[in-house]
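Chemist:
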Ligand code: DGT
Ligand code: CA
Ligand code: CA
Ligand code: ZN
């Protein structure tokens, strides 16, 4: 198992123990264990298991070390299987509903006999949940909304979770001697924020051993199809994965077809027809004549001169369209006119703003975050811990903020790290649009991110006016997570994005593309038009630990989907240039 999968199991164990009402220390040991596993390098885990030194890692005791070892080597854990079996499946399922954690589930079971989602829904609809001590109307409404959302979301996965599952599968396929080419396709390749299922394509003349490996690989929970041209499995993480086995001469056509999107494919096929060609997953053949597209493609197959997607687009008179842009939103017209943007790339990113430390709700210290940013090759790291109104996130008051600024200045002056640290804050936007800190406090910082963390239920007009007021504050540098959405968990608050974008452009305020995998907010669908009108983007990982810093890469995927170029993303600028820009803004 990979470290992400091990961490996932450990977290699950913590949750299940909590559901059983076990000792809090035991629960915390698993939660901490999960975080530690995530923070270690994959090689270090393997090495420490091999030489039996996992216990030397702070926070990992004997019992935990043994379990991590078992998971890593066998992909299974007897203890976990038994624990799961000891709890009614209906209770475990209740955990999927946002707004109900283990404690609430225990109360609901004890007092109302709730042990399934159906019973919980009935109890909410009868008002019994609202009447319970510690629940109330609001919490009952939230649970009902959680039940509705679960149905809507249950079949999809965060892009980064899907990618973490897909990476080792792709590597495994590529390592097989029968595999000539292997790629992933579908929404994962297009970098959609959520992914329904994984689509793998393999070019081979010997499909059988490849399909056999695919259905027997580690992490497979269930095999749903196993043939010579296609195999499907469900992985432990719940995601479904399809493998298509393709004759080499058809591979490029299949890759393009199964990358999608459907809308893009429909437009491409239409364009091909205009040129007298019929396009399908099997090939590109004359539209005229006898036989199906498949038969014709098979006959033409061995003679095709199209061996890359570039060549396929070229055949249709188009520049290569990067997968992220294949949504049927004007990319074909742009490719025809040679007007596709040069999209921002991961290698362009020089720094990251909006990151947290242990001063507020982060898990790593300032020095640890700086060391990690340096290891990622970043020239600058912006710290933006929460402000005082975010009490649950241990937001900083004026004094603690001043202390942090002094600490950062000292760290920069010490020359200990090559990465420069900018002082900042993620300042709460109060319900009326004022900021959580006074002007003189904000003026003392290098930059200010403003975000909504409270009063989500305001009307659309109030929320829009509130955010615009914050954006117009002369100390504001960036607007954080525009809608506050959490993918697959909760919708964003109601806000008129167009008006906020206009206000940001007018005030020369940057809007962030929050790169946390469950946010990716502001949404990619809004960026193209906004950036054309002059809005600048900062790809901000909103990291709460050292591992989270690398999420800027996920953000780059979303930025590419939004047609953004390097110039439109300020975090591609050098340290010197960003310093000039920050001081310039203050004077202006
Ligand atoms: P997902 O899995 O829901 O996140 O989204 P996709 O885009 O990965 O969709 P999926 O897995 O159903 O199919 C992969 C690609 O195959 C899809 O993007 C386009 C192509 N495709 C599948 N079915 C059709 C179809 O009926 N018509 C067309 N034109 N293309 C299709
Ligand atoms: Ca898919
Ligand atoms: Ca699929
Ligand atoms: Zn935030």
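Numbering (the working numbering), first residue to last: 1 to 588. All C-beta atoms, glycine included, are put in the ideal place defined by N, C-alpha and C. All values derive from a computational prediction rather than experimental measurement.
1) Which residue comes first and which comes last in the alpha helix (DSSP H) that contains residue 372?
2) Counting pairs of Cβ atoms below 8 Å between the region 154-174 and the region 494-513, do you hit three or more?
3) Give the residues whose C-beta lies closer than 7 Å to at least one heavy atom of ligand 2, in chain order.
4) Do you know how far the Cα of residue 20 is from the Cα of residue 87?
5) So residue 309 is in the alpha helix (DSSP H); what residue range does that whole segment cover?
6) Write down the C-beta distance between residue 480 and residue 354 rounded to the nearest angstrom, noting that I regard them as a contact closer than 8 Å.
7) For ligand 1, is there a heavy atom less than 8 Å away from the beta-carbon of residue 192?
8) Could you tell me the boundaries of the alpha helix (DSSP H) in which residue 23 lies?
9) By the three-class DSSP mapping on this structure, what secondary structure does residue 508 have?
10) For residue 155, count neighbouring Cβ atoms within 10 angstroms of its own Cβ and tell me buried if that reaches 16, exposed if not.
11) Which whole-angstrom value describes the C-beta separation of residue 449 and residue 424, a residue pair presumed to lie in contact below a C-beta threshold of 8 Å?
12) With a threshold of 8 Å, establish whether the CB of residue 305 neighbours any heavy atom of ligand 3.
13) Within 10 Å of its beta-carbon, does residue 413 have 16 or more other beta-carbons around it, so buried, or fewer, so exposed?
14) Check whether the Cβ atoms of residue 161 and residue 517 lie closer than 9 Å to each other.
15) Does the structure place the region 184-192 close enough to the region 260-267 that three or more beta carbon pairs sit under 8 Å?
16) Please confirm whether any heavy atom of ligand 3 lies closer than 8 Å to the CB of residue 440.
17) Let me know the beta strand (DSSP E) ranges lying completely inside the region 328-405, each 3 residues or longer, listed in chain order.
18) Apart from the five residues just before and just after residue 265, which ones in its own chain have a Cβ nearer than 7 Å to its Cβ?
19) Return helix, strand or coil for residue 453, following the three-state DSSP convention.
20) Could you tell me the boundaries of the beta strand (DSSP E) in which residue 1 lies?
21) Under 9 Å, do residue 370 and residue 396 count as touching if we go by C-beta distance?
22) Which partner residues does residue 265 have in the DSSP bridge list?
23) Is there contact between the region 5-19 and the region 35-52, where contact requires at least three CB pairs shorter than 8 Å?
24) Restricting to runs no shorter than 4 residues, where is the alpha helix (DSSP H) found entirely within the region 406-461?
25) Can you give me the C-alpha to C-alpha distance between residue 558 and residue 112, rounded to a whole angstrom?
26) Can you find a CB in chain B that lies within less than 9 Å of the CB of residue 189?
27) Taking its Cβ as the centre, do 16 or more other Cβ atoms sit within 10 Å of residue 23, making it buried, or is it exposed?
28) Helix, strand or coil: how does DSSP classify residue 577 here?
29) Name the one or two DSSP bridge partners that residue 197 has.
30) Could you tell me which whole alpha helix (DSSP H) segments of length 4 or greater appear in the region 113-193?
31) Count the other CB atoms within 10 Å of the CB of residue 433; is the residue buried (16 or more) or exposed (fewer)?
32) Here's the rule I'm using: 16 or more other beta-carbon atoms within 10 Å means buried, otherwise exposed. How should residue 25 be labelled?
33) Report yes if the C-beta of residue 262 is less than 8 Å from at least one heavy atom of ligand 1; otherwise report no.
34) Measure from the alpha carbon of residue 343 to the alpha carbon of each residue in 427, 462, 561 and 304, then state which is nearest.
35) Tell whether a beta-carbon distance below 9 Å holds between residue 110 and residue 134.
36) Measuring CB to CB, does residue 350 end up less than 9 Å from residue 578?
Modeler: This is what the structure holds:
1) 366-375
2) no
3) 186, 187, 188, 195, 196, 197, 198 and 199
4) 8 Å
5) 309-315
6) 6 Å
7) yes
8) Note, residue 23: premise wrong, no alpha helix (DSSP H); not H, not E.
9) coil
10) exposed
11) 6 Å
12) no
13) exposed
14) yes
15) yes
16) no
17) 380-382
18) 257
19) coil
20) Per DSSP, residue 1 belongs to no beta strand (DSSP E) and is neither H nor E.
21) no
22) None; residue 265 has no bridge partner.
23) yes
24) 439-443
25) 44 Å
26) In summary, chain B is missing from the structure at hand, where a single protein chain is found.
27) exposed
28) helix
29) 240
30) 117-125, 128-131, 136-153, 159-174 and 186-189
31) buried
32) exposed
33) yes
34) 561
35) no
36) yes
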